[in-house]
Amino acid sequence: MFQPAPLSLAVALGLAGLAGAAPVVADKNDDSVILLDALEVTALRGATKTDTAFVETPQSVSVVTEEQIERQGSESVQQATRYSAGVFTNQYGATASRYDAIKLRGFGSDSIDNQYLDGLKLLNDKGTYSILQIDPYFLERIEVVKGPSSVLYGRAAPGGLVALTSKKPVFERQYQVQASVGTQGHKGAAFDFSNRVGESGNAAYRLLGLVQDADSQWHKVKQERYALAPSLTLDLGEATTLTLMAYLQQDPEGGYYGGVPAEGSLTPRNGRKISNNFYDGEPDYERFDRRQTLLGYQLEHRFSSTWSARQNLRFHQADVEYGQVYNQGYWLPDDTLPRTYFGADEDLEGLAVDNQLIAEFDTGAARHTLLTGLDYQQLDVDADWTWGGWPSSFALIDPFDPVYGTEGVISPYQDNQRSLSQTGVYLQDQVAYRNWRLTLGGRYDWIDVENDYQTLAFGTQGNEALDDTQFSGRAGLLYLFDNGVAPYLSYSESFNPNSNVDERGELIKPAEGDQVEAGLKFQPAGTRDRYSIAVFRINQENVANYIQAVQACRVYSIRSEGVELEASTELTDNFSLLASYSYTDVKVKESATPIEGNTPVATPEHLASLWASYGFVDGSLAGLDMGLGVRYVGESWANERNTLEVPDYTLVDLTLGYDLSRLGLAGVSTRLNANNLLDKEFVGACYSEAVCYFGAERSVQATVTYDF
């Protein structure tokens, strides 16, 4: 069974600077204004499902704009969030190109299952290989919402969620074509066309497309992607808007997803180190082909100045063919590694729909934004797995002198039919009374989970089912001072049903979490600067951690607490800074194994980042902009016993851009991005002494963009 990451936990909290000014008023018509890399989204929906200003949201939220994605050369959602507070993106090192595994406040692979696109959950199944991915070129912004959000979204992990917003039609001509080349044989092309349809001005379209092809850090495997996203917005009268959306993507090649033992990567093995380009598989058996289709719509209608309604709906379909030969750690006294094959042929289908009714009204001096909702999710996965184990299958491999070309025996392993359905009703009231902002919410869910499996290799079968209900609550109180400073206190809950089984073959109970968070936000009036600080404590029960050795999950209880600081500021009109720091303290409270008091693996205690941008507006360098980023990741544990550490590391990123319209080429611009500029060799994280992940080597990419 595939587990993108053991479910661990950690902490984080938000901090910021202070200043003084008047209250900030959100402009709902302009939610992504930015100069250089300053992050500015005045109206957020990820945390509240309503247009709520940053300083009036009693929860820690980091925002990544389209501009930041472009300037930092982010090729995945995971990369795009690497400069956000409380976010760890290197848990799988350079191997995670096919999945966006984002660790939030120390909570691990549930972030794969906690991604939302345009307000609806991306229906991934993290117990299989059926995990979808959205290319960041198609996104307008990303909101990283920290802490539990089950009141609005149902099943979710306590670390937070990643809310993606698609690029949608605009009612004016906006055309772009783009081409890129880079290291590791990267070649790419993309386009983005949008305009109104006809003369009435009541319809607009947008069509985005992308083609990419590249080698990888592991030279025997490639990465390849084709994606297309058409959308159409219709103004159906003065009060009704309908947007039809589709996203089609095929990844015929998905790069590499594998680790190496700690001996040879963290420490020498018989005096030698394994190369960070070492590939432990067999090229003839390597396969990752994912085809995904998303079809849906967003419908909005305003009945009056008080009442409005929304309905979001999306159908999900994905086919995944997977095959990989991978090592199993050192079994023998020499340096060779036994290898096993695992393969999958999977089909995913899902439906998500969210109905919302919003009322904005006054009761005396209090202003209410009342949100009621009914949502539904249905996910079905049919997964057929194959296996080929050592010694009856693939030959041993020497990581210091690998030889490829052997063949192995592959046999049927297990057939799975997995399904999950969830129906939820929720209510949220946001009350503004003078300078006070009160948020209260509650939700009730009905969940059905079923896992039918037949293990052909052993002639066994099972059927595990969960039929459960769950209530989730949330409360937040914020005071917005006249100078723009906003302290807050909040409490929220989460739950997450599990479709995986424990060592006894029994379905694991839903994970339940709760969080207390206190924080301070500040946004000076008339600026795009934003500052925040948060401290929090999260408790979660029934945390499922996949153990490769037993091919099943073990259950823990975990406590996560910490502090986060984040600041986005424009020091001058052409000089901006984005800075963050996170302190994370995560401990296992209860466990079936004697690791109480230990910190989960792949959970750095300290994270820090700084991104500085400068644009030249005068003189001979006018039109040139540059950005320099530094990311620090502290030590983390490589094993559950906390006896082996992964060293800390610091990475440097660079960007240079130039507007060629200064030379008479109107609409043409160029950009050079270098990630891991100093080509530092490092281990991103380990999940055991048998599985460590090398970090990404230096990559350089040049892009030419023509806007017309």
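Our numbering numbers the first residue of the sequence shown as 670 and each following residue consecutively.
Yeah, the Cβ is synthetic: ideal placement off N, Cα and C, and Gly gets one too.
Nearest to residue i by alpha carbon, out of the options?
i            : options                   : result
residue 889  : 952, 967 and 792          : 952
residue 965  : 828, 1153, 739 and 916    : 916
residue 1149 : 924, 1311 and 1192        : 1192
residue 963  : 985, 950, 947 and 808     : 985
residue 1330 : 1323, 1322 and 1339       : 1339
residue 1360 : 1271, 1198 and 830        : 1271
residue 1297 : 1259, 1258, 1127 and 1343 : 1343
residue 1384 : 865, 975 and 867          : Past the boundaries of the shown model lies residue 1384; the chain is included only from 670 to 1377, so the question cannot be answered.
residue 899  : 839, 905 and 906          : 839
residue 1356 : 1309, 1349, 806 and 725   : 1309
residue 1047 : 1085, 983, 1147 and 1313  : 983
Leaving out five residues before and five after residue i in sequence, what residues of the same chain have Cβ atoms less than 6 Å from its Cβ?
i            : result
residue 919  : 895 and 960
residue 1189 : 1156 and 1202
residue 1124 : 1083
residue 1376 : 845 and 1336
residue 1286 : 1243
residue 1379 : With the chain covering only 670 through 1377, there is no way to say anything about residue 1379.
residue 994  : 950, 951, 954, 1008, 1010 and 1063
residue 1054 : 1013, 1082 and 1083
residue 1016 : 988 and 1051
residue 849  : 857, 1370 and 1372
residue 968  : 911 and 980
residue 1341 : 1325 and 1371
residue 1174 : 1131
residue 1112 : 820, 1093, 1095 and 1141
residue 1144 : 1109 and 1160
Rounded to whole angstroms, what's the CA-CA distance from residue i to residue j? Just pull it up for me.
i            : j            : result
residue 1210 : residue 1182 : 6 Å
residue 804  : residue 1002 : 44 Å
residue 1325 : residue 1372 : 10 Å
residue 1065 : residue 929  : 14 Å
residue 787  : residue 835  : 6 Å
residue 1114 : residue 716  : 19 Å
residue 782  : residue 1163 : 13 Å
residue 1027 : residue 1154 : 28 Å
residue 856  : residue 1365 : 18 Å
residue 1069 : residue 937  : 11 Å
residue 1346 : residue 735  : 22 Å
residue 1117 : residue 1152 : 49 Å
residue 743  : residue 749  : 5 Å
residue 699  : residue 973  : Here the model assigns residue 699 a pLDDT of 38, short of 50, so the residue's position is not dependable, and the following value carries that caveat. So the two alpha carbons sit approximately 23 Å from each other.
residue 824  : residue 763  : 29 Å
residue 1131 : residue 829  : 33 Å
residue 733  : residue 939  : 45 Å
residue 816  : residue 827  : 5 Å
residue 756  : residue 831  : 11 Å
residue 1327 : residue 740  : 11 Å
residue 1258 : residue 776  : 15 Å
residue 1128 : residue 1122 : 11 Å
residue 1295 : residue 1280 : 11 Å
residue 863  : residue 837  : 8 Å
residue 897  : residue 731  : 28 Å
residue 1292 : residue 800  : 41 Å
residue 998  : residue 751  : 30 Å
Could you spell out where the beta strand (DSSP E) holding residue i opens and where it closes?
i            : result
residue 1362 : 1360 to 1363
residue 1185 : 1180 to 1191
residue 1341 : 1337 to 1344
residue 963  : 956 to 971
residue 1097 : 1080 to 1102
Which same chain residues, not among the five before or five after residue i, have their C-beta less than 8 Å away from its C-beta?
i            : result
residue 853  : 883, 884, 885, 886 and 1368
residue 942  : 933 and 934
residue 639  : In the structure as shown, the chain starts at 670 and stops at 1377, and residue 639 therefore has no counterpart that could be examined.
residue 1317 : 1273, 1275, 1301, 1302, 1303 and 1304
If residue i sits next to residue j, beta carbons under 8 Å apart, how far is it from one beta carbon to the other, in whole angstroms?
i            : j            : result
residue 770  : residue 760  : 6 Å
residue 1222 : residue 1213 : 4 Å
residue 1025 : residue 978  : 7 Å
residue 860  : residue 877  : 7 Å
residue 1049 : residue 1088 : 5 Å
residue 798  : residue 991  : 5 Å
Return the chain-ordered list of same chain residues with a C-beta closer than 7 Å to the C-beta of residue i, the five sequence neighbours on each side being excluded.
i            : result
residue 1268 : 1255, 1256, 1306 and 1311
residue 925  : 764, 885, 887, 890 and 948
residue 866  : 872, 873 and 874
Could you please give the first and the last residue of the uninterrupted alpha helix (DSSP H) stretch that includes residue i?
i            : result
residue 1027 : Premise fails: residue 1027 lies in the beta strand (DSSP E), 1008 to 1032, not in any alpha helix (DSSP H).
residue 821  : 819 to 822
residue 746  : 746 to 749
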